[in-house]
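Mapped onto the working numbering, the consecutive letters of the sequence shown carry residue numbers 15 to 201.
One structure is given below, encoded as C-alpha cells.
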Amino acid sequence: PMDGIINGIQGAKGLGIDATIAGTVVGTYWFLMLIGRLFGGFLGSKFSSKAMLTFVSSLGIMFILLAIFSPVSTTVNMPVFQSDLSFGLINVPIGVMFFVFCGLCTSIMWGGIFNLAVEGLGKYTTAASGIFMVMVCGGGIIPLLQGYVADITSYMGSYWVILACLAYMLFYALMGSRNVNKDIVVA
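See the structure below:
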C-alpha cells in the first residue's frame with residue numbers, strides 16, 4: 015500500500031509533509047515489512063494459515079478504513095526508523111500511520127496465502143507452486159491500478175483499491191481457499 019507514498023504524501027493536498035518526512039515514513043514501512051515477514055514465519059508455526067490470513071486481512075481492512083476516514087488535522091507522533099539507523103518520532107497525520115500499520119499486516123500474509131493455495135494438492139503441489147509464483151505479478155499490477163485511480167480521483171481515494179484487495183484476501187481466507195475437489199485423488 016505504500017508504493018509511491020513519497021509522491022503521494024507530498025502531492026496530497028493539506029497533508030503538509032515534505033520529502034524528508036515522507037522518506038522516513040517509507041523507511042519505517044520497509045523496516046516493518048522486514049519485521050512482519052520474520053514475525054509471520056514465526057506465527058505460521060503457531061497458528062493455522064486460515065486463522066492468520068483472516069486476522070491480518072481483517073486488521074488491514076480496519077487500518078485502511080481508519081486511514082481513509084481519519085481527519086488530516088489529527089496528527090500523532092509516529093515512531094520512525096531514521097536515516098542514521100536510529101529511531102525517532104515525527105508528527106504525521108494519523109492516517110499515514112494507519113497506512114504503515116496496514117503494510118505490516120500485508121507483510122505477514124504471504125506464507126498463509128501460499129499454504130492455503132497449495133493445500134491438498136498432493137503430487138500437484140510442485141506445479142501449483144510454480145504457477146502461484148507467476149501470479150505474484152499482482153504486486154506489479156496493483157500499484158499501477160492504484161496510481162491510475164489516484165490520478166482520476168485522489169490519493170486517498172486510491173486506497174479503495176487496496177481495500178478491495180484486502181477484502182478479497184479475507185474472502186480467500188474464509189471461503190475461497192476451501193478444497194472443493196475432495197473426490198479427486200492427488201497422491
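The C-beta atom is built at its ideal place from N, Cα and C for all residues, glycine as well.
Near Ala201, what residues of its chain come up, given a Cβ to Cβ distance below 7 Å and the 5 sequence neighbours on each side ignored? With a pLDDT of 41 at Ala201, under the threshold of 50, the predicted position of this residue should be treated as unreliable, though the coordinate-derived value follows. Same-chain partners within the cutoff: Gly136 and Lys137.
Can you tell me whether Thr42 is buried or exposed? The criterion is at least 16 other CB atoms within 10 Å of its CB, across all chains shown. buried
Practice prompt. Kindly give me the distance between the Cβ atoms of Leu184 and Ile82, rounded to whole angstroms, as I take these residues to be in contact under 8 Å.
Written response: Not quite, the Cβ-Cβ distance comes to about 17 Å (not below 8 Å), so this is no contact.
Exercise for the section: Tell me, to the nearest whole angstrom, how far the beta carbon of Cys119 is from that of Leu73; I am working on the premise that it is less than 8 Å. Expected result: 5 Å
Suppose you measure from the CA of Trp44 to the CA of Gln96; what does that come to, to the nearest Å? 12 Å
Based on the DSSP output, what are the partners of Pro85 in its beta bridges? DSSP output for Pro85 lists no bridge partner at all.
Helix, strand or coil: which one does DSSP assign to Asn193?
coil
**Asked** What's the C-alpha gap between Leu180 and Met189?
**Response** 14 Å
Checking 8 Å against the spacing of the C-beta atoms, do Met178 and Leu67 come in under that value? The residue asked about is misnamed: residue 178 is Ala in this sequence, not Met. No, the Cβ-Cβ distance between Ala178 and Leu67 is not below 8 Å.
Q. For Thr89, which residues from the same chain have a beta carbon less than 8 Å from its beta carbon, with the 5 sequence-adjacent residues on both sides left out?
A. Asn105, Val106, Pro107 and Ile108
Can you name the start and end residues of the alpha helix (DSSP H) that Leu57 belongs to? Ala33 to Gly58
Check whether the Cβ atoms of Ile78 and Cys116 lie closer than 8 Å to each other. yes
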